[in-house]
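Heads up: the sequence shown begins at 188 in our numbering, then just goes up one per residue.
Take a look at the structure below.
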Amino acid sequence: MPIANVNGTSLYYETETQSDGDWIVFAHGGGGLHLSWWRQVAALRPHYRCLTYDARGSGQSTQPNPYREPDQVASDDLVALMDHVGIDKAFVNGHSMGGWAVSQTAQRRPDRVHGLVMTCCVFGFNTAALQKWAGQMLEKIPQGFHVLDHSFAPDFKTREPEIYYLQNALHGLSPPRVVPRESSGYLDAYKRMQTRKPENYSKFAVPTLFVVAEQDELQVPWLVRETQAVVGNSKLVAIPHSGHSPHVEQTALYNKTLVDFIESVRGRKT
């Protein structure tokens, strides 16, 4: 079983290396695990090398004590895992919570990143839009808004019942959250986002793709659009008829969007 012992935790990971193409590192969202990307790895592995992993506290990876939020440690884990696998430079793709790992890696270690993909997430980009959104979440969550209840578009359960069932079953493989969503500590990350001073990203060095889903009820479209507008060297692609998980809900279009971005960065035609 492939395990990387890094930063005081044990990270489970998997690689697909039947191709000698560029590496793509996939960081899953909250409640997910490495298998959340199965529809991407299956399609892309003939052309790219793929690394998926369970973030600390998810799937088969451990969660050390004391608990540390992903905004505090996720990038350190990702860079250490790349070192462990022997990946010098990669395209990095984060979904939702996974955005912290990849965006902070692109900001702190641009030498390790060919291109950054932010899939339905803006985490790690401290902007006025993020402050506003965090404030809204601090109001909604205590009133009963549960984040993981909004992982898909409202009609996805009836539109794709088999895939909906499978994705929820995969999410069930992760252990319970260390900080329960009913506790006051669950809101700490949102409080930090609300109080962090906005930064200037107009000269951002790493080519970046923001993927926005038109029916996303979590990283809502206005948040992603306003963030992309202030990040230099970035572009935005909208995925219609999808909620917070376009890589699952609109796989063919999402995969094409991902490949088009990678090939454009590398200066190749698709």
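Every residue gets a Cβ at the ideal spot worked out from N, C-alpha and C, and that includes glycine.
Computed from a prediction, not measured in an experiment: that's the story for all the values here.
ask   = Hey, out of Trp409, Pro257 and Arg226, whose CA is closest to Thr438's CA?
value = The candidate whose alpha carbon is nearest that of Thr438 is Arg226.
ask   = Which class does Gly244 belong to by DSSP, given the choice of helix, strand or coil?
value = Correct three-state label for Gly244: coil.
Nonlocal neighbours in the same chain, by C-beta distance under 6 angstroms from Ala214, ignoring five residues either side = Within the same chain, and ignoring the five residues on either side of Ala214 in sequence, the residues whose Cβ sits closer than 6 angstroms to its Cβ are Gly281, Gly285, Ala288 and Val289.
message = Just to confirm before moving on: does the CB-CB distance between Thr249 and Thr196 stay below 7 angstroms?
response = Between Thr249 and Thr196, the gap from beta carbon to beta carbon is short of 7 angstroms.
task = Assign His333 to buried or exposed, taking buried as 16 or more other Cβ atoms, counted over all protein chains shown, within 10 Å of its Cβ.
result = That one is exposed.
query = When the Cβ atoms of the segment 204-212 are set against those of the segment 410-425, are three or more pairs found closer than 8 angstroms?
reply = No, they do not touch.
query = So which of Arg295, Gly302 and Met324 has the shortest CA-CA distance to Gly311?
reply = Closest in alpha carbon position to Gly311, among Arg295, Gly302 and Met324, is Arg295.
ask   = Of the residues Tyr199, Val212 and Ser429, which one's Cα is nearest the Cα of Phe278?
value = Looking at the Cα atoms, Val212 is the closest of the given residues.
inquiry  = Between the segment 380-390 and the segment 338-353, can you find at least three pairs of beta-carbon atoms closer than 8 angstroms?
reply    = They do not touch, by the three-pair rule.
Met305: first and last residue of the uninterrupted beta strand (DSSP E) it sits in = Per DSSP, Met305 belongs to the beta strand (DSSP E) from Val300 to Thr306.
Environment of Ile190 [buried if 16+ CB atoms lie within 10 Å] = Exposed, by the Cβ-count rule.
request  = Give me the Cβ distance between Gly219 and His431, rounded to the nearest whole Å; I'm assuming they're in contact under 8 angstroms.
outcome  = Not quite, the Cβ-Cβ distance comes to about 11 angstroms (not below 8 angstroms), so this is no contact.
query = Taking the DSSP output, what are the residues bridged to Thr239?
reply = In the DSSP output, where bridge partners are listed per residue, Thr239 has Glu201 and Phe213.
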